[in-house]
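Chemist: Chains as they are written, first to last, in my numbering: chain A, 10 to 231; chain B, 297 to 698.
1. Could you confirm whether any beta carbon from chain A is found closer than 7 Å to the beta carbon of residue 626 of chain B?
2. Specify whether the region 184-200 of chain A and the region 102-116 of chain A touch according to this definition: at least 3 beta carbon pairs, one from each stretch, less than 8 Å apart.
3. Report the neighbours of residue 40 of chain A on chain B: residues whose CB is nearer than 8 Å to its CB, in chain order.
4. When the Cα atoms are used, what is the spatial distance from residue 59 of chain A to residue 97 of chain A?
5. Any idea what DSSP makes of residue 18 of chain A, helix, strand or coil?
6. By Cβ distance below 8 Å, which residues in the same chain neighbour residue 225 of chain A in space, the five residues on each side in sequence not counted?
7. What are the start and end residues of each continuous beta strand (DSSP E) run of 3 or more residues lying completely inside the region 454-520 of chain B, in chain order?
8. For my contact list, residue 14 of chain A and residue 221 of chain A are in at a C-beta cut-off of 8 Å; report their separation, rounded to the angstrom.
9. Between residue 166 of chain A and chain E, is there a C-beta pair that is closer than 7 Å?
10. Can the beta-carbon of residue 65 of chain A be found closer than 7 Å to that of residue 41 of chain A?
11. At the level of alpha carbons, what is the spacing between residue 133 of chain A and residue 174 of chain A?
12. With which residues is residue 155 of chain A paired in a DSSP beta bridge?
13. If I follow the unbroken beta strand (DSSP E) through residue 122 of chain A, where does it start and stop?
14. Let me make sure I understand the geometry here. Which of A/164, A/38, A/178 has the alpha-carbon closest to that of residue 145 of chain A?
15. From the DSSP output, in three-state form, read off residue 567 of chain B for me.
16. When the distance is taken between beta carbons, is residue 469 of chain B closer than 7 Å to residue 400 of chain B?
17. Between B/471, B/520, B/509, B/499, which has its C-alpha nearest residue 411 of chain B's C-alpha?
18. Any beta-carbon of chain B closer than 7 Å to the one on residue 175 of chain A?
19. Which one of A/167, A/79, A/154 has the shortest CA to CA distance from residue 136 of chain A?
20. Taking its Cβ as the centre, do 16 or more other Cβ atoms sit within 10 Å of residue 387 of chain B, making it buried, or is it exposed?
21. So if DSSP puts residue 47 of chain A in a beta bridge, which residue, or which two residues, is it bridged to?
22. Using CA coordinates, which residue listed in A/81, A/112, A/214 is at the minimum distance from residue 138 of chain A?
23. Within 7 Å (strictly less), CB to CB, does residue 43 of chain A reach chain B?
24. Among the candidates B/451, B/348, B/444, B/488, whose CA atom is the shortest distance from the CA of residue 404 of chain B?
25. Taking residue 461 of chain B and residue 499 of chain B to be in contact with their CB atoms under 8 Å, please state how far apart those CB atoms are, rounded to whole angstroms.
26. Alpha carbon to alpha carbon, what distance is there between residue 343 of chain B and residue 392 of chain B?
27. What is the DSSP secondary structure of residue 408 of chain B, counted as helix, strand or coil?
28. By DSSP, does residue 448 of chain B sit in helix, in strand, or in coil?
29. Beta carbon of residue 481 of chain B, beta carbon of residue 507 of chain B: below 7 Å?
30. At which residues does the beta strand (DSSP E) containing residue 528 of chain B begin and terminate?
31. Could you say which of A/109, A/176, A/214, A/205 lies nearest to residue 79 of chain A if we only look at CA atoms?
32. Opposite residue 348 of chain B in the DSSP bridges: which residues?
33. Measure the CB-CB distance between residue 153 of chain A and residue 87 of chain A and report whether it falls below 7 Å.
34. In chain order, what residues of the same chain lie with their CB nearer than 7 Å to the CB of residue 49 of chain A, ignoring the 5 residues before and after it?
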């Protein structure tokens with residue numbers, strides 16, 4: 010197994026190994042901060058506050074951490090997440106993790122709000138469509154989220170998939186999202202934070218911590 | 297893809313005495329020096345001697361050095377350069393030959409720099425350029441744009457380069473600048489690929505070939521050039537990106553990942569660097585971002601001389617590989633619409649930059665200069681991988697535009 014990165018924010022740096030290529034903090038509005046208040050594991054974590062009253066949408070009010078990991082056909086990650094009672098307009102969603110840029114995300118993990126917080130995933134196909142999971146309630150407490158993304162093995166095989174665990178409990182069928190035609194997709198700029206939104210009016214602060222990833226799908230856990 | 301085989305080669309009387317073999321070694325930093333060849337023999341010699349001894353004093357790694365060597369009215373040197381090149385001799389060498397000899401003696405490589413696109417770089421009265429003259433099938437006479445779609449033009453250009461390399465012993469390589477289609481005239485990037493392939497097949501295999509790429513990986517889509525194919529097929533050995541500190545970003549990582557060949561990103565493109573700290577910041581920002589090699593594409597002779605900002609910064613870079621102490625950014629906050637503010641916390645100290653509605657920035661560089669003028673803190677920001685994001689976030693709509 011190759012650990013691609015392991016960011017705990019304990020040294021109070023967004024990117025501890027800055028010699029690595031292409032890491033950056035992306036931002037089009039709001040605040041992103043390393044703070045003790047955001048700690049979900051250890052002493053420090055990452056707090057993301059979308060611009061108050063702003064609408065999180067295309068290019069607006071994003072604030073996220075991005076890693077460059079080379080082109081990965083398999084990408085398994087774990088991160089701690091706490092909605093921290095953030096206010097999100099009902100029926101709207103905010104991307105909290107994605108596997109590429111805006112025009113080609115590879116995958117997205119989003120927080121969906123409908124009288125409560127839910128986690129849902131979209132797996133992008135070669136044709137530009139998405140294969141979506143159901144949404145899974147996650148409550149308003151710190152959780153660790155584990156996501157395993159895999160590209161399909163070749164043209165026509167259509168065996169790409171995604172799996173989701175919340176606090177170590179697998180969600181949905183196995184895989185959570187299956188039969189995806191995504192053999193041309195590669196993850197190489199995974200993001201974590203407030204990466205996109207569907208015209209969601211957001212107010213408050215979300216916490217992230219303990220972002221770790223590997224390239225062979227090995228379980229990461231708490 | 298069409299394979300062109302070149303069977304016709306020209307000849308020239310340009311010769312240099314036997315030259316010391318060039319150095320071998322690692323690559324790290326390229327200085328592009330546009331040297332004015334039309335000056336007197338004594339002036340040329342003094343300048344080359346001073347420049348090379350200065351570089352050798354500062355640099356411990358191999359430094360390919362490019363001597364500007366072309367004529368193009370659209371560039372800074374004017375159309376008389378080559379005529380003087382042929383008439384000036386230094387200790388029995390052409391200026392280029394003398395430079396090669398002196399550079400090699402100091403462990404520095406020399407590559408010759410050729411500009412494409414416009415015919416006046418190739419169609420003057422010089423026998424080894426495109427000939428016979430006037431060769432109106434090679435270019436559009438209205439604006440001197442070379443017509444790469446004409447097979448005979450491609451052949452002549454490849455022959456020019458091959459002859460040039462053969463006639464300048466010791467030359468370590470050539471650079472192909474401005475080698476792309478002009479979409480207003482021709483729009484077929486495949487013609488350029490055919491030309492580059494032909495150059496590779498025609499020029500001596502020992503000659504290193506580099507090219508200047510557009511910063512935008514969408515260049516192929518816009519039918520300008522297909523640098524990825526050139527590198528992946530081995531037509532070129534080095535890539536020099538015309539991307540500078542204010543447009544480094546995610547797409548650059550894409551290029552680095554894609555091209556798999558030595559890849560140099562630019563530091564300050566076309567201006568004399570006015571600030572050592574600014575130059576140093578750019579160097580370390582590039583290294584911190586993981587760009588494997590740096591290029592200083594200096595377009596004039598003003599940047600490289602003893603004590604110049606560029607060389608002083610370069611010396612700092614060589615002497616202190618780890619770079620200066622970086623400020624640690626722990627908080628970044630932005631609130632903007634058409635006016636607003638940016639604040640950031642570095643090493644526990646928060647700075648806030650406010651700008652009014654209608655500040656009138658038209659590009660990221662203007663904004664960077666504005667910030668730098670306010671606080672002088674940009675070097676800190678550059679040392680952090682956040683750098684380009686700060687430059688970008690003024691212009692969210694440009695997120696995917698380069």
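Glycine residues also receive a C-beta, built at the ideal position from the N, C-alpha and C atoms.
Modeler: In this structure, then:
1. yes
2. yes
3. 627, 628, 629, 630
4. 11 Å
5. coil
6. 10, 11, 83, 85
7. 469-473, 504-509
8. 7 Å
9. Annotation note: the requested chain E is absent from the structure, which comprises protein chains A and B.
10. no
11. 19 Å
12. A/87, A/174
13. 116-122
14. A/178
15. For residue 567 of chain B, the pLDDT reaches just 46, beneath the cut-off of 50, and the residue's location in the model is therefore unreliable, although a value from the coordinates is still provided. Three-state result, residue 567 of chain B: coil.
16. no
17. B/471
18. no
19. A/167
20. exposed
21. According to DSSP, which records beta bridges pairwise, residue 47 of chain A is partnered with nothing at all.
22. A/112
23. yes
24. B/348
25. 5 Å
26. 12 Å
27. strand
28. helix
29. no
30. Premise fails: residue 528 of chain B lies in the alpha helix (DSSP H), 523-528, not in any beta strand (DSSP E).
31. A/109
32. In the DSSP output, where bridge partners are listed per residue, residue 348 of chain B has none listed.
33. yes
34. 89, 91, 151, 216, 218, 219
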